[in-house]
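I have placed the structure first, in the form of structure tokens, so that the comments after it can refer back to it.
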Amino acid sequence: MAAKEIKRAVIYSRVSTDMQNPENQTPVLKEWAGRRGWTVLGVYEENASAWRDGHQSELSRLIGDAYKRRFDCVLVWALDRVSRQGALAILEFVHKLNKWGIHLYSLQESWTEAPGDLGELLFALTGWVARMESQRRSERTREGIARKRREGFRWGRPRGSHDKKIRKKRALKW
Numbered sequence: 000m001a002a003k004e005i006k007r008a009v010i011y012s013r014v015s016t017d018m019q020n021p022e023n024q025t026p027v028l029k030e031w032a033g034r035r036g037w038t039v040l041g042v043y044e045e046n047a048s049a050w051r052d053g054h055q056s057e058l059s060r061l062i063g064d065a066y067k068r069r070f071d072c073v074l075v076w077a078l079d080r081v082s083r084q085g086a087l088a089i090l091e092f093v094h095k096l097n098k099w100g101i102h103l104y105s106l107q108e109s110w111t112e113a114p115g116d117l118g119e120l121l122f123a124l125t126g127w128v129a130r131m132e133s134q135r136r137s138e139r140t141r142e143g144i145a146r147k148r149r150e151g152f153r154w155g156r157p158r159g160s161h162d163k164k165i166r167k168k169r170a171l172k173w
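Sequential numbering of the sequence shown, starting at 0, is according to numbering that gives the first Met the number 0.
Structure follows, in structure tokens:
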């Protein structure tokens, strides 16, 4: 599908932690769509890990709407916002969309507009890199926690605290 034919777009934005905000991605993607003359029909936003299966309810909803062909393209900030599960996960997602005539565009990876085998290779490579980056980050975190424990640092919630939500409310009162 040629870029000029694409009119109906949706945005998928995802952040991994409560400290991040999907609104950092969404306005920029809306502006990008506007410059191309595309109409943004909706935004799928979520705060969930891309590593854990089942935590991306908005992505599942997006896939359902894609199946119904409610839009022509999906805009993302970067491919790692879709998945960090590796090459296969990204390729399966892209193939699903392509099967339904929908294209995936990434603001950070302009090559997502490349057709054919080159695009497929780059999608796979980017998925692999995202997975490796996620695994390295997890390893560094585990190593840091282990080092702090060896140094006697107490990790986790204070003793006697049972409900995480209560602690958050107390913290907000200060």
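Where is the CB? At the ideal position from N, CA and C, for every residue including glycine.
Note that the structure is predicted; figures quoted are calculated from it, not measured.
Determine the DSSP secondary structure at residue i, reduced to helix, strand or coil.
i: G33; result: helix
i: R7; result: strand
i: S12; result: strand
i: Y150; result: Note that residue 150 is Glu in the sequence shown, not Tyr. Coil.
i: G63; result: helix
i: G143; result: helix
Check the C-beta distance from residue i over to residue j and give it rounded, since I have them as a contact under 8 Å.
i: A8; j: F70; result: 6 Å
i: I101; j: A65; result: 5 Å
i: I144; j: L74; result: Their Cβ separation, rounded to whole angstroms, is 36 Å, which puts I144 and L74 out of contact at 8 Å.
i: R146; j: R80; result: The pair is not a contact, with the Cβ atoms about 30 Å apart (cut-off 8 Å).
i: R183; j: W99; result: No answer is possible for residue 183: the residues shown for the chain start at 0 and end at 173.
i: A77; j: E108; result: 7 Å
Could you tell me the distance, in whole angstroms, from the CA atom of residue i to the CA atom of residue j?
i: R139; j: Q24; result: 26 Å
i: S82; j: R153; result: 33 Å
i: G36; j: E30; result: 10 Å
i: L58; j: P26; result: 19 Å
i: H94; j: S105; result: 15 Å
i: E45; j: S56; result: 8 Å
i: E174; j: V42; result: It is not possible to answer for residue 174, since the shown part of the chain is limited to 0 through 173.
i: R60; j: E132; result: 27 Å
i: L96; j: L87; result: 14 Å
i: R135; j: R156; result: 25 Å
i: I62; j: L40; result: 15 Å
i: R141; j: E91; result: 30 Å
i: S15; j: L103; result: 21 Å
Q: Please go through the segment 80 to 107 and give each complete beta strand (DSSP E) segment of 3 or more residues, from N-terminal end onward.
A: 102 to 105
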